[in-house]
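J.: Numbering (my numbering), first residue to last: 475 to 695.
Glycine residues also receive a C-beta, built at the ideal position from the N, C-alpha and C atoms.
This is the structure I have questions about; it appears just below.
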Amino acid sequence: MSDKSFVHLHNHSEYSMLDGAARIKQLVAKAAQLEMPAIAITDHGNNHGAYEFWKQAKAHDINPVIGIEAYLAPGSRKDKTRVRWGDGGGDDVSGGGAYSHLTMWATNNDSMQNLFRLSSEAYLSGYYFKPRMDRELLSKFGKGLIATTGCPGGEVQTRLRLGQYQEALDTAAEFRDIFGEGNYFVEVMDHGLEIEKRVRDDLLRLAKDLKLPLVGTNDLH
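Encoded structure:
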């Protein structure tokens, strides 16, 4: 195995409802075959596959990284109002204005319990089209979690596509403060998609301006 190993940190399984063709068993087996030291799971809005994923990873002697691609309300999770930050076109807030995306991973058992609490509370008190978290919940249960700017549906990227660099900067700074110094990353993807290319330079600029670390991922579905 190369001493410069790569770990897939952004993966969706059969537990990403209608949005995950990968299967946990095959996903982990392939990671082991490629001699990856770890692999993550970040299903949409839930941690339903966490135990099965943990079992499979342990069976293949690789480290399981349990995460989530959460749905984040634009304001309070209890406010069932759609928003627009631009002209309402295709670059605006995803889910018809109901939510953006946020990727997070647990770093230890305590933060894994926080992740489960966040997911459960999103269903219990934040459901509007999707189970949504908000900044109140993140501030309450974010300890020990690592988070990123996420996919093109993330709040930071949405602001950047709309030409709102200062708002994107303010958002990233807010999340950095919620999760703590060194626990909030700028996530960069390259699937050859125009929606990613359009904001890449701005993401790198933002990371430099806020002194945020970078992480490269592939959004595996």
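For Lys552 and Glu509, I'd like the C-alpha separation in whole angstroms.
T.: Looking up residue 552 in the sequence shown gives position 78. Looking up residue 509 in the sequence shown gives position 35. Roughly 44 Å between the two C-alpha positions.
J.: Around the C-beta of Phe480, are 16 or more other C-beta atoms found within 10 angstroms, so that it is buried, or is it exposed?
T.: Taking the first residue of the sequence shown as position 1, residue 480 is located at position 6. Exposed: under 16 other Cβ atoms inside 10 Å.
J.: Would you call Ser574 buried or exposed, if buried means 16 or more other Cβ atoms sit within 10 Å of its Cβ?
T.: Indexing the sequence shown from 1 puts residue 574 at position 100. When all chains shown are included, Ser574 counts as buried.
J.: What residue does the alpha helix (DSSP H) around Thr555 start on, and which one ends it?
T.: As a position in the sequence shown, residue 555 is number 81, starting the count at 1. Segment: none, Thr555 is in no alpha helix (DSSP H) and carries neither H nor E.
J.: With the cut-off set at 8 Å, would you say Val784 and Leu483 are in Cβ contact?
T.: Residue 784 is absent from the structure shown; the chain starts at 475 and stops at 695.
J.: Starting from Tyr658, follow the beta strand (DSSP E) in both directions and report where the run begins and ends.
T.: Residue mapping note: residue 658 aligns to position 184 of the sequence shown, counting from 1. 658 to 663 is the extent of the beta strand (DSSP E) around Tyr658.
J.: Going by DSSP, what residue range makes up the alpha helix (DSSP H) through Glu509?
T.: Taking the first residue of the sequence shown as position 1, residue 509 is located at position 35. Looking at the DSSP string, Glu509 is not in any alpha helix (DSSP H), and its letter there is neither H nor E.
J.: Tell me the rounded alpha-carbon separation between Lys554 and Thr645.
T.: Sequence index remark: in the sequence shown, residue 554 carries index 80 (1-based). Sequence index remark: in the sequence shown, residue 645 carries index 171 (1-based). If I take the Cα positions, the gap works out to 21 Å.
J.: Could you give the distance in angstroms between the alpha-carbon of Phe653 and the alpha-carbon of Ala647?
T.: On the sequence shown, position 179 is the one that residue 653 refers to. On the sequence shown, position 173 is the one that residue 647 refers to. Rounded to whole angstroms, Phe653 to Ala647 spans 10 Å at the Cα level.
J.: Between the C-alpha atoms of Lys685 and Met663, what's the straight-line distance to the nearest angstrom?
T.: Locating residue 685 in the sequence shown gives position 211, where the first residue counts as 1. Locating residue 663 in the sequence shown gives position 189, where the first residue counts as 1. Rounded to whole angstroms, Lys685 to Met663 spans 19 Å at the Cα level.
J.: Could you tell me the distance, in whole angstroms, from the CA atom of Glu595 to the CA atom of His518?
T.: Translated into the one-based positions of the sequence shown, residue 595 becomes position 121. Translated into the one-based positions of the sequence shown, residue 518 becomes position 44. Spanning the two alpha carbons is a distance of roughly 15 Å.
J.: How would you label Met475, buried or exposed, when you count the other beta carbons within 10 angstroms and need 16 or more for buried?
T.: By 1-based counting over the sequence shown, the position of residue 475 is 1. Confidence at Met475 is low in this model, with a pLDDT of 44, below 50, so the placement of that residue should be treated as unreliable; the coordinate-derived value is given next. Under this definition Met475 is an exposed residue.
J.: By DSSP, does Met475 sit in helix, in strand, or in coil?
T.: Within the sequence shown, residue 475 is the residue found at index 1, counting from 1. Unreliable placement is indicated for Met475, whose pLDDT of 44 sits below 50; no coordinate value is reported for it.
J.: Excluding the 5 residues preceding and the 5 following Val673 in the sequence, name in chain order all residues of the same chain whose CB lies nearer than 8 Å to its CB.
T.: Taking the sequence shown and counting its residues from 1, the one referred to as residue 673 is at position 199. Once the five neighbours on either side are set aside, the close Cβ partners of Val673 are Pro626, Gln631, Leu634, Arg635.
J.: With C-beta atoms as the reference, is Gly571 less than 8 Å away from Arg558?
T.: Against the sequence shown, residue 571 aligns to sequence position 97. Against the sequence shown, residue 558 aligns to sequence position 84. In contact: Gly571 and Arg558 (Cβ atoms closer than 8 Å).
J.: Restricting to Cα atoms, I'd like to know which of Leu546, Arg497, Asn485, Tyr602 is closest to Ala512.
T.: Within the sequence shown, numbered from 1, the residue matching residue 512 stands at position 38. Out of Leu546, Arg497, Asn485, Tyr602, Asn485 has the C-alpha closest to the C-alpha of Ala512.
J.: Between Ile669, Leu680, Arg609, which lies nearest to Tyr639 when the distance is taken from Cα to Cα?
T.: Residue mapping note: residue 639 aligns to position 165 of the sequence shown, counting from 1. Taking only the C-alpha atoms, the option nearest Tyr639 is Leu680.
J.: Across which residues does DSSP place Thr581 in a beta bridge pair?
T.: Along the sequence shown, read from residue 1 onward, the residue named residue 581 stands at position 107. Looking at the DSSP assignment, Thr581 forms no beta bridge with any residue, so it has no partner.
J.: Could you check what DSSP says for Ile542 in three-state terms: helix, strand or coil?
T.: On the sequence shown, residue 542 is found 68 positions in, with the first residue counted as 1. In this structure, Ile542 counts as strand in the three-state DSSP scheme.
J.: Using the C-alpha atoms, what's the distance from Asp561 back to Asn537?
T.: By one-based count along the sequence shown, residue 537 stands at place 63. By one-based count along the sequence shown, residue 561 stands at place 87. Distance between the alpha carbons of Asn537 and Asp561 is about 44 Å.
J.: Grab me the residues of Asp608's own chain with a C-beta within less than 6 Å of its C-beta, minus the 5 sequence neighbours each way, in chain order.
T.: For the purposes of this step, residue 608 is taken as the residue at position 134 of the sequence shown. Closer than 6 Å at Cβ, skipping near neighbours: Ala547, Ser550, Arg551.
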